[in-house]
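In our numbering, the protein residues as written are 194 to 684.
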Amino acid sequence: MINSIIKAAIYNKVLTVILTAISIVMGCMAFQALPIDAVPDITNVQVQVNTAVEGLIPEEIEKFITYPIESGMGGIPDVDEIRSISRFGLSQVTIIFEEGSDVYRARQLVSEKLQAIKDELPGNVQPKLGPITTGLGEIYFYALEAKEEATEDERPQQLMELRALNEWVIKPRLLNVKGVAEVNAIGGFEKQYFVKPRLEELARYGIHLHEVVEAIKNNNRNTGGGYIQQTAEQLLIQSTGLVKSIDDIRDIVVKKLPTLQTVTVGDIADVSLDKELRTGAALVNGKESVVGTVLMLLGENSRTVSLDVEARVREIRKNLPSWVKLETLYNRSSLVNKTLSTVEHNLIFGATLVALILLIIIGNLRVAIITAITIPLSLLATFMFMKLFKISGNLMSLGALDFGIIIDGAVIVMDNCVRLISQKSKHIGRSLSRDEVRAEVYKATTEIRSAAGFGQMIIIVVFLPVFALTGVEAKMFAPMAAAFSFALVSA
């Protein structure tokens with residue numbers, strides 16, 4: 194079969210050129226669609242259940258929230274391990290599935306279980322699934338800061354404005370970028386309205402704290418009232434009740450006394466705009482700031498997504514207030530570009546070095562060029578195999594390619610072709626015709642094919658034990674062995 198392919202390639206040069214061109218186009222398309230990252234992603238298939246909790250200590254969070262969720266996940270198929278952690282304000286349960294499980298099916302199964310155990314949880318908590326990302330999903334970091342220094346008294350208010358700007362302006366626009374799963378922010382202060390009841394006034398009027406809470410809740414909403422028909426138009430009726438300022442909160446009625454006097458929130462409590470209670474902060478160069486993290490969707494191309502995020506950040510900068518600056522702290526595309534430049538450097542340097550050495554030793558420019566062309570063609574074919582088998586391109590899989598080993602078979606074949614053509618030419622005492630050259634090339638190639646192929650098969654066999662690895666080791670080293678094997682087969 195291989196002899197037939199060799200013969201068809203030698204005697205049908207038009208077909209060979211067409212197939213080569215098609216391979217080049219398909220290889221370039223595969224490279225464009227190939228997930229590119231700096232290092233292999235060793236994250237297992239997992240689903241996280243995060244629950245924000247207020248007012249409970251970690252022991253109570255573990256007892257009333259974490260344990261019911263963790264025990265309720267029993268019975269889900271293909272679950273390998275369940276881990277959990279309970280901290281102040283947060284309960285996190287991580288369900289790890291067996292390798293090869295579909296993450297979307299896993300999330301669906303966990304979501305169904307959550308619906309079944311919600312009745313066992315306290316009424317004010319809402320468990321949520323974590324974003325569809327991995328441990329290497331953090332592809333972009335940015336910092337939001339003021340251009341001018343603020344005084345110590347003004348700094349909390351400034352951080353509050355920066356946090357609000359990030360939540361309502363920057364984050365929604367970044368979430369619209371294709372391939373972005375989530376945008377998290379740390380630092381700054383969340384803007385909140387504080388109602389601080391005066392206990393003496395509550396006791397004086399006989400008002401309980403829950404009455405204050407219910408009054409504020411019931412008086413902070415809009416209500417629809419249907420519509421009025423006028424000729425061909427409908428006039429919509431709405432009662433606007435959303436609070437818009439501190440004065441609106443102060444004017445909310447809490448209780449009516451028998452004396453027809455109304456008691457408002459302002460009569461029994463102090464209302465102010467203040468910052469949230471927090472347990473951490475974000476520092477940039479030793480200065481407190483607001484730091485955002487962009488998480489990539491599972492399976493996306495980190496280089497493409499990070500470049501799209503960078504483009505969107507440049508658009509956002511144009512519409513920010515004049516006193517705000519948005520800086521990039523980390524961009525995954527820079528790291529990926531370094532990886533690609535390493536591969537590109539190896540490709541160009543390897544091909545050039547091989548061509549020069551062959552030119553010096555053999556003294557035939559055509560032979561040197563043909564042998565050097567094997568490198569990019571083999572690499573493009575490798576990209577097609579990697580795309581077919583869903584292997585990402587990274588420093589391990591692409592950086593480990595040894596072009597000297599890849600073209601070893603091509604060097605042997607071309608050397609034998611030159612030898613037989615030279616011997617034939619000396620034997621008949623003239624230059625060979627085109628048909629005679631084809632015949633000698635076919636003879637030389639088929640003669641050395643088994644030896645050259647056997648040498649490369651030995652190298653592939655050496656990598657076979659790597660494919661038997663499991664767990665983290667398999668995710669780290671199997672792509673390297675697969676890419677190397679693909680390159681040798683393609684060569």
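Backbone N, C-alpha and C fix where the C-beta goes; we use that ideal spot for every residue, glycine too.
In this structure, the alpha-carbon of residue 498 lies about 8 Å from that of residue 370. Per DSSP, the unbroken alpha helix (DSSP H) holding residue 541 starts and ends at 525-555.
Linking residue 667 to residue 656 through their CA atoms gives a straight-line distance of about 12 Å. Under DSSP, residue 390 shares a beta bridge with 462.
In this structure, residue 374 sits away from residue 283, with a CB-CB distance that is not shorter than 9 Å. Taking every protein chain shown into account, the CB of residue 650 has fewer than 16 other CB atoms within 10 angstroms, so this residue is exposed.
Beyond the five residues adjoining it in sequence on each side, residue 549 comes within less than 8 Å, by CB distance, of 561 in the same chain, given in chain order.
In the DSSP assignment, residue 304 falls within the unbroken alpha helix (DSSP H) covering 296-310. Inter-residue distance for residue 409 and residue 396 is about 19 Å (C-alpha atoms, whole angstroms).
The continuous stretches of alpha helix (DSSP H) do not include residue 290, which lies in the beta strand (DSSP E) extending over residues 283-290. In this structure residue 488 is in contact with residue 326, their Cβ atoms being roughly 4 Å apart against a cut-off of 8 Å. Segment contact: the region 291-311 against the region 438-452, fewer than three CB-CB distances shorter than 8 Å; contact not assigned. Proximity to residue 305 across 321, 291, 316, 317 peaks at 321, based on C-alpha coordinates. Boundaries for residue 584: no beta strand (DSSP E) harbours it, and the DSSP string shows neither H nor E there. The shortest C-alpha to C-alpha distance from residue 526 to any of 544, 359, 495 is the one to 495. About 15 Å separates the CB atoms of residue 439 and residue 390; that is not less than 8 Å, and the two are not in contact. Beta bridge pairing from DSSP links residue 417 with 431. Counting along the chain, no beta strand (DSSP E) covers residue 316, and no H or E run does either.
With respect to the C-alpha of residue 466, the residue from 592, 349, 624 having the closest C-alpha is 349. Nearest neighbour of residue 611 by Cα position, chosen from 351, 459, 463, 636, turns out to be 636.
Listed in chain order, the non-local C-beta contacts of residue 558 below 8 Å within the same chain comprise 552, local neighbours out to five positions each way being set aside.
According to the DSSP assignment, residue 447 belongs to no alpha helix (DSSP H) but to the beta strand (DSSP E) extending over 446-449.
Per DSSP, residue 203 is one residue of the alpha helix (DSSP H) stretching across 195-204. Where residue 638 is concerned, the enclosing alpha helix (DSSP H) starts and stops at 627-660. Proximity to residue 330 across 372, 353, 319 peaks at 372, based on C-alpha coordinates. For residue 608, the enclosing alpha helix (DSSP H) covers residues 601-621.
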